[in-house]
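Under the working numbering, the first residue of the sequence shown carries the number -3, and numbering increases by one thereafter. Shown next, in structure tokens, is the structure this report addresses.
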Amino acid sequence: TSLAFVPGVGIKALTNHGTANISTDWEVKSPLFQDTGGADLFLSGVFFTGVIVLARNDFGHPIMKLQDCYAQVSHAHVSFSGDLSVLYNSFAEPMEKPILKNLNEMLCPIIMSEVGALNANLSMLEVLTKIDNYTLLDYSLISSPEITENYMELNLKGVFYPLDNLSDPPFSPVPFALPEHHDSMLYIGISEFFFKSASFAYFTAGAFNVTLSMKEISNHLVQNSQGLGNVLSRIAEIYLLSQPFMVRVMATEPPAISLQPGNFTLDIPASIVLLAQTENSTVEAIVSMDFVASTSVGLVILGQRLVCSLSLNRFRLSLPESNRSNIEVLRFENILSSILHFGILPLANAKLQQGIPLPNPHKISLVNSDIEVLAGFLLISTDLKYETSLKQQPSFHGWEGLNLISGQWRGKPA
């Protein structure tokens, strides 16, 4: 079997010199006659050729059509086993010619039926997927697949939306081209626009606003009681606090995304507010400052999902340079950096573990995957593996009404 690209058309499939063997058991019971045995149908010289045309429907789903279908089986051999197999086999040879005639007339309609069943599965693909309680991801096809002599290219939309607003973000994608690699079966390019739309959607949905008590932060600090004690004592030392306090972090703008060769960074402009809970259970702000946290994004493919994780590179309060030499400001900056590094980011990474679903067809899994950060986009190189259950029974749509003896198919001449 071979597959070849037909530029501007689709994929040509060719099977030559194929064989197939069909075995069955049978049993006959009547008042005058009983017998059991088996039957084998061996097919050889199986030939098939056709062109699979790929396109896009109005909903962004891929669709398939089969053109120029031609299928033929050259030889069929029938054999019986059982107590009276000698008698049965005397009828075997006369059966072979009508069997071949039926099969050769039915094969292309059966294959077309299978393509129709596959299209039904493709039409059920969720091109608009709910990621979590904040966003949806649209990765519908924006155009029909492009077929060249060496590869097939599919352009997917790749845009995040807030759950309650399907308006496109206020910026446009920058075109990019995948490098000419040939070592893997599939290459997926994820543009900077994809991640920027995610940043904008989550910011619009309010996902970057969080309020945590020091108890919640403490549960995610590194298991170092001395380090935790230092953080808390330094806050109390500066503000002379005896009452419980909380930390509120709010993004002031959508986090800025940058993809450069070997480097994926996420800069988060935000404000941080320390809140103290007074004796009458009211909450008052102690101090509020703006900051920018620069983080590196780690990437890994787990199963069929792209999983991200954040690590803190730099933390700077948004202050005039003349104020940065103030010792109290520097101490406070270090304290907030510790809270962000040991408290906030672990919470964010725990939520990021659910990952971003990658587009993959039914029963196809990604194996031998590799991720590379390039200028303006992310490149995933991977092989594909077809997963099938050993217990799964084969599908024979269209075979149910075949009568190999009389040459009838669903009551109509085959």
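Using N, Cα and C, we set each Cβ at its ideal position, and we do this for glycine too. Note that this is a predicted model, so its numbers are computed, not measured.
{"Query": "Cβ atoms of leucine 295 and phenylalanine 260: under 8 Å apart, would you say?", "Result": "yes"}
{"Query": "Jot down the residue ranges of each uninterrupted alpha helix (DSSP H) in the segment 308 to 383, minimum 4 residues, whole runs only, in chain order.", "Result": "323 to 335, 341 to 348"}
{"Query": "Taking the Cβ atom as the reference point for each residue, do leucine 375 and isoleucine 360 lie within a distance shorter than 8 Å?", "Result": "no"}
{"Query": "Just to confirm the assignment: which complete beta strand (DSSP E) runs, minimum length 3, are found wholly within the segment 55 to 117?", "Result": "58 to 78"}
{"Query": "Count the other CB atoms within 10 Å of the CB of glycine 418; is the residue buried (16 or more) or exposed (fewer)?", "Result": "Since the first residue shown for the chain is -3 and the last is 410, residue 418 is missing from the structure and cannot be characterised."}
{"Query": "Smallest Cα separation from valine 293: which of Ser284, Leu302, Leu306?", "Result": "Leu306"}
{"Query": "Given that a residue counts as buried once 16 or more other Cβ atoms are within 10 Å of its Cβ, and exposed if not, what is asparagine 146?", "Result": "exposed"}
{"Query": "Apart from the five residues on each side of it in sequence, which residues of its chain come closer than 8 Å, Cβ to Cβ, to phenylalanine 1?", "Result": "Ile7, Lys8, Ile143, Thr144, Glu145, Asn146, Tyr147, Met148"}
{"Query": "For asparagine 12 and serine 70, what's the separation of their Cα atoms in angstroms?", "Result": "11 Å"}
{"Query": "Return the CA-CA distance between glycine 4 and alanine 51, expressed in angstroms with no decimal places.", "Result": "11 Å"}
{"Query": "Which residue wins for smallest C-alpha separation from serine 77, given the options Pro355, Thr291, Pro251, Thr20?", "Result": "Thr20"}
{"Query": "In its own chain, which residues sit with a C-beta less than 6 Å from the C-beta of glutamate 396, not counting the 5 before and 5 after it?", "Result": "The predicted position of glutamate 396 is uncertain, since its pLDDT is 43 and thus under 50; no value can be drawn from it."}
{"Query": "Between which residues of its own chain and lysine 192 is the CB-CB distance below 6 Å, once the five residues before and five after are set aside?", "Result": "Ile253"}
{"Query": "Note down the Cα distance separating glycine 14 from isoleucine 106, rounded to an integer number of angstroms.", "Result": "17 Å"}
{"Query": "How would you call valine 74, buried or exposed, if buried means at least 16 neighbouring beta carbons within 10 angstroms?", "Result": "buried"}
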